[in-house]
Amino acid sequence: MLLAEAVWREPGVSGGRVLDVGTGTGALALLAARRRAAEVHAVDVTPRAVATAWLNARLRRAPVRVRRGGLPDPATAGRFDVVLANPPYVPAPSSSSLPPHARARSWDAGPDGRAVLDDLCARVPALLRPGGVLLLVQSALSGAGTTLEQLRTQGLRAEVTARRMIPFGPVLRGRSAWLASRGLIAPGEDKEELVVIRAVRAVHAV
Numbered sequence: 054m055l056l057a058e059a060v061w062r063e064p065g066v067s068g069g070r071v072l073d074v075g076t077g078t079g080a081l082a083l084l085a086a087r088r089r090a091a092e093v094h095a096v097d098v099t100p101r102a103v104a105t106a107w108l109n110a111r112l113r114r115a116p117v118r119v120r121r122g123g124l125p126d127p128a129t130a131g132r133f134d135v136v137l138a139n140p141p142y143v144p145a146p147s148s149s150s151l152p153p154h155a156r157a158r159s160w161d162a163g164p165d166g167r168a169v170l171d172d173l174c175a176r177v178p179a180l181l182r183p184g185g186v187l188l189l190v191q192s193a194l195s196g197a198g199t200t201l202e203q204l205r206t207q208g209l210r211a212e213v214t215a216r217r218m219i220p221f222g223p224v225l226r227g228r229s230a231w232l233a234s235r236g237l238i239a240p241g242e243d244k245e246e247l248v249v250i251r252a253v254r255a256v257h258a259v
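Reminder that position 40 of the sequence shown reads as 93 in this note's numbering, one-by-one numbering, no gaps.
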């Protein structure tokens, strides 16, 4: 997993305060705990994901605090040394009518794939301590350049630190004709590029 590799390399995880947004199974939160993070907080909006992450943490006796929800309020949650984000980023005809328990909530992100990414870019900087790091994975289909621009506008130093081409999974294969009609892929294209974006808050930030 591309983001897991970035978490393993990130020096701020060890001994740091870590937030895993969109934790899913809790794999990244557990990895942060293995890296001996001082605190690991994991959040997800999907009840099934929260239950799965909680169970995985208990089975491994990992000190991970799991709760249901999105990005926390820094006024109550405090700030973090590292924020991990594997948000929904797959372009979809619509994601607004999905029920809370729908599995597609884990990947569908509106017509441009940015239904969650834009909010993350706007709100994550306030959750980072000075010198704190955001590690985010997304598809190039949902505009990595837009993410970089938005994070830099928020005062973060952002760059793509890893890339990988992977074959379309069942979801993208099933909507390839729609993606082509939107100009997001070329006709017959069957691979997407995943990127990891690393964004750092300035040390002098307040």
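Where is the CB? At the ideal position from N, CA and C, for every residue including glycine.
In the three-state reduction of the DSSP assignment, Glu242 falls in the coil class. Contact annotation: Ala95 and Asp126 have beta-carbon atoms that are not nearer than 7 Å. Judged by their CB atoms, Leu83 and Val60 are not nearer to each other than the 7 Å cut-off.
Excluding the 5 residues flanking it on each side, Gly123 has same chain C-beta neighbours closer than 6 Å at Val98, in chain order.
According to the DSSP secondary-structure assignment, Arg121 is paired through a beta bridge with Asp97.
For Arg205, there is no enclosing beta strand (DSSP E); the residue is found in the alpha helix (DSSP H) stretching over Ala197 to Thr206. For Val119, the closest of Val93, Pro141 and Val136 by C-alpha to C-alpha distance is Val93. For Leu237, the three-state secondary structure derived from DSSP is coil. Straight through space, the alpha carbons of Leu189 and Leu137 are spaced by roughly 6 Å.
Per the coordinates, the alpha-carbon of Leu170 lies some 19 Å from the alpha-carbon of Val71. For Leu84, the enclosing alpha helix (DSSP H) begins and ends at Ala80 to Arg87.
Linking Arg89 to Glu63 through their CA atoms gives a straight-line distance of about 12 Å. Rounded to the nearest whole angstrom, the C-alpha separation of Ala128 and Pro183 is 16 Å. With a 10 Å radius around the Cβ and a threshold of 16 neighbouring Cβ atoms, Arg167 comes out buried. DSSP places Ala211 in the strand class (E or B) of the three-state scheme. About 5 Å separates the beta carbons of Arg121 and Val103, which is inside the 8 Å limit, making them a contact pair. Distance from the Cα of Arg210 is smallest, within the candidate group Thr199, Ala193, Ala255 and Ala239, for Ala255.
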